[in-house]
Amino acid sequence: MSASYTSYPAYMDSQIAWVGEMPSSWHLKKVKFLFTIKKRIAGSLGHDVLSVTQRGVVKKDIDSGEGQLSTDYSKYQLVYPGDFAMNHMDLLTGYVDISRHEGVTSPDYRVFTLDDAQNCAKYFLYIYQLGYQKKIFFHMGQGASHLGRWRLATEEFKEMEFPFPSPIEQHKIAAFLDYETARIDRLIEKQQRLIELLKEKRQAVISHAVTKGLNPDAPMKDSGVEWLGQVPEHWTVAGFKKYIGPIVDYRGRTPEKTESGVFLVTARNIKNGNVDYSLSEEFISDNDYPEVMKRGKPKIGDVLFTTEAPLGEVAQVDDESVAFAQRIIKFRGLENILTNDYLKLFIQSTPFQDGLMTYATGSTALGIKVERLSYLKQLIPPISEQKQIVSTIKLHHIKYGRLIATAMEAINLMKERRTVLISAAVTGKIDVRAWVKLKEASASDAA
40 MSASYTSYPA
50 YMDSQIAWVG
60 EMPSSWHLKK
70 VKFLFTIKKR
80 IAGSLGHDVL
90 SVTQRGVVKK
100 DIDSGEGQLS
110 TDYSKYQLVY
120 PGDFAMNHMD
130 LLTGYVDISR
140 HEGVTSPDYR
150 VFTLDDAQNC
160 AKYFLYIYQL
170 GYQKKIFFHM
180 GQGASHLGRW
190 RLATEEFKEM
200 EFPFPSPIEQ
210 HKIAAFLDYE
220 TARIDRLIEK
230 QQRLIELLKE
240 KRQAVISHAV
250 TKGLNPDAPM
260 KDSGVEWLGQ
270 VPEHWTVAGF
280 KKYIGPIVDY
290 RGRTPEKTES
300 GVFLVTARNI
310 KNGNVDYSLS
320 EEFISDNDYP
330 EVMKRGKPKI
340 GDVLFTTEAP
350 LGEVAQVDDE
360 SVAFAQRIIK
370 FRGLENILTN
380 DYLKLFIQST
390 PFQDGLMTYA
400 TGSTALGIKV
410 ERLSYLKQLI
420 PPISEQKQIV
430 STIKLHHIKY
440 GRLIATAMEA
450 INLMKERRTV
460 LISAAVTGKI
470 DVRAWVKLKE
480 ASASDAA
């Protein structure tokens with residue numbers, strides 16, 4: 040921690056691993072002597088349904104599909120503003136927060152309240168949230184971690200021990216953390232906005248290069264296509280499929296999944312211009328491979344395109360031994376006319392994506408059938424110019440990639456500092472009793 044923070048005069052061993060040494064003036068207190076678990080059954084309709092998320096306790100959004108609404112509230116729990124709500128059924132990805140809303144929440148959540156009004160709820164919330172972030176409660180959990188579930192049973196929850204400073208210190212620690220974490224969060228938001236801006240600029244470079252070319256002085260002509268606008272005069276405007284070899288649509292029967300075998304690339308694996316094998320790990324048997332791939336096996340560099348859920352993601356084949364699932368189409372540009380590298384970039388461009396959405400159909404998930412691709416257009420620069428465009432964009436990708444990586448590293452460091460600061464404050468490693476909020480800090484941070 041920074042040298043600007045002082046320590047308490049004396050410490051003692053808490054005998055708890057995540058707490059370590061704590062101030063001698065503090066003591067430990069079990070959750071069961073601090074909180075009361077509430078079981079207020081709603082029993083009727085007409086309540087807002089609440090969900091515990093990383094953004095807090097929020098009202099479930101029907102339109103966005105966040106969470107599911109129940110038709111039976113007979114077991115749902117009432118939640119009032121100021122109640123703690125905890126997803127104790129999932130210590131891996133769950134969370135805990137204090138509700139700002141009145142409503143009902145799943146019977147699988149744990150709702151509890153602080154017994155003594157003199158104590159500071161926000162102080163204990165920082166401890167609970169730290170427990171999720173650092174997996175402090177994980178060793179007390181029960182369940183199957185390989186299934187992504189690890190729950191904290193009621194008795195283990197009640198027996199947890201927390202550092203317990205005086206109520207005055209609790210409030211001071213909470214005020215200190217509210218202020219300092221807000222400062223860090225604002226810095227994180229600035230870096231996140233920078234990353235979004237860099238991604239937008241990177242996308243703009245792709246879109247301009249594949250539709251306007253690299254020469255700003257090149258004579259232009261009207262493409263005759265609204266979403267393409269003016270294009271270089273010497274480029275060919277053609278139907279999207281005209282200079283693409285036989286298109287392979289991997290629709291058909293979903294093969295039986297196996298625990299090992301041939302990797303099955305699904306639409307979920309195709310993201311941000313690459314095949315990300317970590318996003319979905321499914322396999323089919325070697326025996327099913329010939330049937331699944333009977334329409335056409337891939338070659339390195341072939342372009343993969345997702346037709347639905349999500350629509351319009353694109354990547355290039357980097358492994359010929361994989362299989363492809365439904366909702367994936369494979370393209371290959373005609374030799375000496377259209378390179379796969381340029382084709383991929385053209386599909387990624389904003390104008391093409393806008394055109395794609397014009398012809399997409401579907402109510403719950405937008406999609407497009409192979410036949411409707413005929414309505415779209417393709418720009419064909421000379422082969423030498425295609426290669427030059429691809430090389431230029433690769434250089435820009437490297438530049439923007441480095442800038443984005445630097446911003447991501449800064450975010451990770453700030454998040455780490457935030458966690459370390461919270462841990463140090465709630466365990467007494469730093470003494471904030473004399474801390475005073477700086478008057479000028481809020482104005483400079485807001486700038």
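All the letters of the sequence shown, read from the start, carry residue numbers 40 to 486 under this note's numbering.
Even for Gly, the Cβ is constructed at its ideal location relative to N, Cα and C.
Residues that W189 bridges to, as DSSP identifies them: D129
Beta-carbon separation (whole angstroms), V409 vs D288, contact threshold 8 Å: 5 Å
Does DSSP put D327 in a helix, in a strand, or in coil? coil
Here's the rule: buried if 16 or more other CB atoms are within 10 angstroms of the residue's CB, otherwise exposed. What is L343? buried
With distances taken Cα to Cα, identify the nearest neighbour of I367 among V304, N126, L405 and S319. V304
Rounded straight-line distance, which links the Cα of L373 to that of G106: Residue placement at G106 is flagged as unreliable, the pLDDT there being 44, under the threshold of 50; the coordinate-derived value follows with that caveat. Computed Cα separation, rounded: 46 Å.
With a 10 Å radius around its C-beta and 16 neighbouring C-beta atoms as the bar for buried, classify L395 as buried or exposed. buried
Based on the DSSP secondary-structure assignment, which residues constitute the bridge partners of G95? T92
Exposure of A362, with buried meaning 16 or more beta-carbon neighbours within 10 Å: buried
To which residues of the same chain is F177 closer than 6 Å at the C-beta, ignoring the five residues directly before and after it? L130
Within its chain, find whatever has a CB closer than 6 Å to the CB of K338; leave out the 5 residues flanking it on each side and keep chain order. none
Leaving out the 5 sequence neighbours to the left and right, which residues in its chain are closer than 7 Å to R472 when beta-carbon positions are compared? E208 and K211
For the putative contact between N379 and D341, defined by C-beta atoms under 8 Å, what is the C-beta separation to the nearest angstrom? 6 Å
Note down, one range per segment and in chain order, each beta strand (DSSP E) of at least 3 residues found wholly within the segment 217 to 279. 259 to 261, 269 to 271 and 275 to 278
Looking only at DSSP bridge pairs, what is A124 linked to? D136 and V150
Starting from the C-beta of M453, find all residues in its chain whose C-beta is less than 8 Å away, skip the five residues before and the five after it, and write them out in chain order. I223, L226, I227 and Q230
Under 7 Å, do I283 and T346 count as touching if we go by C-beta distance? no
Can you tell me whether P202 is buried or exposed, with buried defined as 16 or more other CB within 10 angstroms of its CB? buried
Residues near W65 by beta carbon distance below 7 Å, same chain, minus five either side: P202, F203, P204 and G467
Three-state secondary structure (DSSP) of M447: helix
Candidates V244, R94, I80 and D261, of which the one nearest Y439 by Cα: V244
Between which residues of its own chain and K161 is the CB-CB distance below 6 Å, once the five residues before and five after are set aside? A213
Using alpha carbons as the reference points, say which of K69, L418, P146 and Q365 lies closest to P390. L418
Identify, in the order they occur along the chain, each residue of the same chain with its Cβ nearer than 8 Å to the Cβ of K68, setting aside the five sequence neighbours on each side. E200, F201 and F203
Per DSSP, cross-strand counterpart(s) of Q116: I80 and T144
By Cβ distance below 8 Å, which residues in the same chain neighbour L153 in space, the five residues on each side in sequence not counted? L73, F74, F123, A160 and F163
Taking CB distances under 7 Å as the criterion, tell me whether G440 reaches chain D. In the structure shown, chain D cannot be found, because there is only a single protein chain.
Counting only the same chain and skipping the five closest in sequence on each side, list residues whose C-beta sits under 7 Å from that of Q487. This structure gives no information on residue 487, because the portion of the chain shown stretches from 40 to 486.
Quick check on L350: buried or exposed, where buried means 16 or more other Cβ atoms within 10 Å of its Cβ? buried
Taking 7 Å as the threshold (C-beta atoms), are G300 and S324 in contact? yes
Please classify S83 as buried or exposed, where buried requires at least 16 neighbouring CB atoms within 10 angstroms. exposed
Which residue comes first and which comes last in the alpha helix (DSSP H) that contains M332? Note, M332: premise wrong, no alpha helix (DSSP H); not H, not E.
Do the CB positions of G142 and D87 come within less than 7 Å of each other? yes
CA-to-CA distance, R190 to L89, given in whole angstroms: 20 Å
Rounded to whole angstroms, what is the Cα-Cα separation between N313 and Q242? 15 Å
Can you give the Cα-Cα distance for D268 and L236, rounded to whole angstroms? In the sequence as displayed, the identity of residue 268 is Gly instead of Asp. Using only the alpha carbons, I get a separation of about 24 Å.
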